[in-house]
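The numbering used here applies: residue 37 is where the sequence shown begins, and numbers increase by one.
Scroll down for the structure; my scribbles are underneath it.
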Amino acid sequence: MKTSRNWQHVSAVLNNETIYKYYDAATSIRALNERTIQFSHASIFNDPFDCNVNLFDITEEDTRAYFTYISKKYTGNNYVERLRLKRNYEDKIRPNYKSFMRGLFEMENAERGITCFSKLSNNLLMWAHYASRHSGVCIGYDTLQLRNLIVEHHRESAFWQVNYVDKIQPKKYFLERDVAIDYWFTTKHKDWAYEQEVRLISRGFKFDTHNKRELFKIPSDVIKEVYFGYATTEDTKKKIFDISQSQKAQVRFYQIVPNYDSFELEARQLA
């Protein structure tokens, strides 16, 4: 997954020393105790437009050109086989070329997992939606360490910043492949802009029909910060403190407190 703009994504993300993930209480305890981050296949995301193949502009002309290229590449000078493939294209593929190409895109990305973060630890809506109405936890991860770790295990991995738009402008996959892939993975409607989302996308996961999630193990020193919501219970806090102590983790703890004069959430570091 190397594109001409990839380093721009990486460098922009690495400007944030810490990136954040919001959890409900039970999931945060499990993630901290097991020291894992979950990667998911895009097909189970909560936005039907996210990583959808309709973000590509698929034409019959492009499909024919692609099929011709593949035929030449794999048949060489075997013109009989090439003719057979051409007839197969005309009879079976051309009438349903969009479905055919969508199938190729989906197959190409069958092993690609995505885990999502935010640049913010104090976003009001994310605390409400992803942290069970402020009763959950927000965990801050060391951006550079996390990137280096995932690249060691899955070399085809990268950080991407999500771009927010108000209109879909499909990209031609064969004419501008890098731009099209970039657009595919990073484009969401502007209604989601409040999330300030950062994605870590990696290839090499073994998803199947029944399992679209996979846990990735991380060392405890990748976890730098833990924020408790204003409604997080004392029982949840104690469990997380105990986990941190047992792992001898160097974690900074914060309590989120509403500022009723400004509609803002403030973080107060705990001793």
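Glycine included, C-beta positions come from ideal geometry on N, C-alpha and C.
Terminal residues of the alpha helix (DSSP H) in which residue i lies
{"i": "residue 74", "result": "No alpha helix (DSSP H) holds residue 74; the beta strand (DSSP E) holding it covers 72 to 76."}
{"i": "residue 120", "result": "115 to 124"}
{"i": "residue 161", "result": "160 to 166"}
The beta strand (DSSP E) enclosing residue i, as first and last residue numbers
{"i": "residue 133", "result": "Per DSSP, residue 133 belongs to no beta strand (DSSP E); it is in the alpha helix (DSSP H), 133 to 144."}
{"i": "residue 188", "result": "Counting along the chain, residue 188 falls outside any beta strand (DSSP E), though it belongs to the alpha helix (DSSP H) covering 179 to 189."}
{"i": "residue 224", "result": "223 to 225"}
Paired residues, beta bridge with residue i - DSSP
{"i": "residue 207", "result": "92"}
{"i": "residue 294", "result": "301"}
{"i": "residue 153", "result": "234"}
{"i": "residue 174", "result": "58 and 263"}
{"i": "residue 197", "result": "234"}
{"i": "residue 289", "result": "262"}
{"i": "residue 148", "result": "239"}
Contacts around residue i, its chain only, beta-carbon distance under 6 Å, and the 5 residues preceding and following it disregarded
{"i": "residue 42", "result": "Residue placement at residue 42 cannot be trusted, given a pLDDT of 49 that sits under 50; the coordinates are not used to answer."}
{"i": "residue 89", "result": "138 and 141"}
{"i": "residue 279", "result": "68 and 69"}
{"i": "residue 249", "result": "74 and 76"}
{"i": "residue 151", "result": "73, 75 and 236"}
{"i": "residue 187", "result": "193"}
Residue i to residue j span [Cα, whole Å]
{"i": "residue 287", "j": "residue 260", "result": "5 Å"}
{"i": "residue 64", "j": "residue 172", "result": "7 Å"}
{"i": "residue 293", "j": "residue 163", "result": "12 Å"}
{"i": "residue 54", "j": "residue 179", "result": "5 Å"}
{"i": "residue 68", "j": "residue 104", "result": "51 Å"}
{"i": "residue 166", "j": "residue 215", "result": "31 Å"}
{"i": "residue 282", "j": "residue 275", "result": "11 Å"}
{"i": "residue 304", "j": "residue 236", "result": "28 Å"}
{"i": "residue 82", "j": "residue 253", "result": "24 Å"}
{"i": "residue 155", "j": "residue 106", "result": "42 Å"}
{"i": "residue 289", "j": "residue 263", "result": "6 Å"}
{"i": "residue 109", "j": "residue 102", "result": "11 Å"}
{"i": "residue 124", "j": "residue 60", "result": "52 Å"}
{"i": "residue 295", "j": "residue 196", "result": "32 Å"}
{"i": "residue 308", "j": "residue 213", "result": "Since the first residue of the chain shown is 37 and the last is 307, residue 308 is not available in this structure."}
Same chain only: Cβ atoms within 7 Å of residue i, ignoring 5 sequence neighbours per side
{"i": "residue 36", "result": "With the chain represented from 37 up to 307, any question about residue 36 goes unanswered, as that position is not in the structure."}
{"i": "residue 230", "result": "159 and 161"}
Cut-off 8 Å between Cβ atoms - residues of its own chain near residue i, not counting five sequence neighbours on either side
{"i": "residue 86", "result": "78 and 224"}
*Where are the beta strand (DSSP E) runs, 3 residues long or more, that stay fully inside the stretch 239 to 281, in chain order?*
249 to 253 and 259 to 264
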